[in-house]
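With the first letter of the sequence shown counted as 1, position 2 gets the number 2 in the numbering used here; the numbers rise by one all the way through. Note that CB positions come from ideal geometry on N, CA and C, so glycine has one too. Bear in mind the structure is a predicted one, so any value in this text is a computation, not a measurement.
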Amino acid sequence: MATITPTRPARPLVKAARDGRTKRRIADNVSAYVFLAAGLLCFGLFSWWPLIKGVILAFQQDNFVTEPEWVGLTNFQAVLDDPLFWTAWKNTLYFTGLALVFGYLVPFGVAIVIHELRHLKGFFRFAVYLPVMLPPIVTVILWQYFYDPGNGLFNAVLSALHLPESGWTQSPRMVMVSLVLVSTWANMGGATIMYLAGLASIPGELYEAAELDGAGVWKRIRHVTLPQMRFILLVLLLLQIVATMQVFIEPYQLTGTTNPDSITVMVLIYRYAFTVNNDFGMAAAMSVLLFVVLGAFSAVYLRLTRKS
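Laid out in structure tokens, this is it:
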């Protein structure tokens, strides 16, 4: 009786297949690293290098015409001695505080209202997000017409209602409120859409259980919506503060660079570089100070909210 010996695959064929898979894996990795390297190169060239160059420039006196001169900490001392330094920070913090009331809480309320609608949700999402698609300068020019003290829309409405007209951007008491209204209208669409995405991810069973327990609208928001939206609320709060601390277009276009009631940190940086001093070193020093403040705040904020 003949015995049948099991056939074994030839080792050279197995080795060749293994080598082929290895080569394909290496080729795929090389392609991925090439695309990654191109992205990192663009990011480093247009993001990190300007950041490093700005830090170097903060220690130089440079107007981009003559040769730069190393001056050490002189730029920082000059910035701190400027009477407008603390005024700009005070106005910026005031603007940020007002923006948190209007630009942080209002979009959340609008998102809840849209989320609760039975009909026309798509239309209201589009209507809320539409201002975000407009160029910022176009939005500010539009509101500049609204605020015009002579033929402006807002004063025309107040006059038709037999109410006293307002100076809006000319009034020291109203100027920051006016700027915040522009900023909120222009940017609230993005925050609203993010809030809506968070609300859509909340399981409906939680609301049904709350309704069965007799919870009204406010209790459902307090005990279901807010806990489920905690992470998104914390992230958007940080992004809101960092963004509003860098406000520039609204005060620059609506009130100019010389109004002490509306000058912000970014407007002061612009003044140093392009109008009053023509010294990019001072502008870079102010930018570094802003970067340090925002970086320190972000680090502390993330540390405090890590477990949230």
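Of the other Cβ atoms in all chains shown, fewer than 16 fall within 10 Å of the Cβ of I141; this residue is therefore exposed. In this structure, the beta-carbon distance from T258 to V267 does not fall below 7 Å.
Between Q246 and L41, the alpha-carbon positions lie close to 27 Å from each other.
Selection G204, F231 and D261 evaluated against V177 yields D261 as nearest (Cα-Cα). If you look at E250, you'll find it in the alpha helix (DSSP H) that goes I249 to T255. By the Cβ-count criterion, P135 is exposed, with fewer than 16 other Cβ atoms from all chains shown falling within 10 Å of its own Cβ. Nearest Cα to I193 within the set V128, F59, G281 and F274: V128. Look at Q60 here: in three-state DSSP terms it is strand. Relative to L206, the option among W218, Q228 and N187 whose CA is nearest is Q228. Contact check for Y147 against W168 passes: the beta carbons are separated by less than 7 Å. Within the stretch 79-148, no beta strand (DSSP E) run of at least 3 residues lies entirely inside it.
Around the Cβ of W70, a 10 Å sphere holds fewer than 16 other Cβ atoms; the residue is exposed. Between the alpha carbons of G54 and L289 lies a distance of about 11 Å. Scanning the stretch 151-222 for uninterrupted alpha helix (DSSP H) segments of 4 residues or longer gives 153-160, 175-200, 204-212 and 217-220, listed from N- to C-terminal end. At a Cβ-Cβ threshold of 7 Å, A209 and R220 do not count as neighbours.
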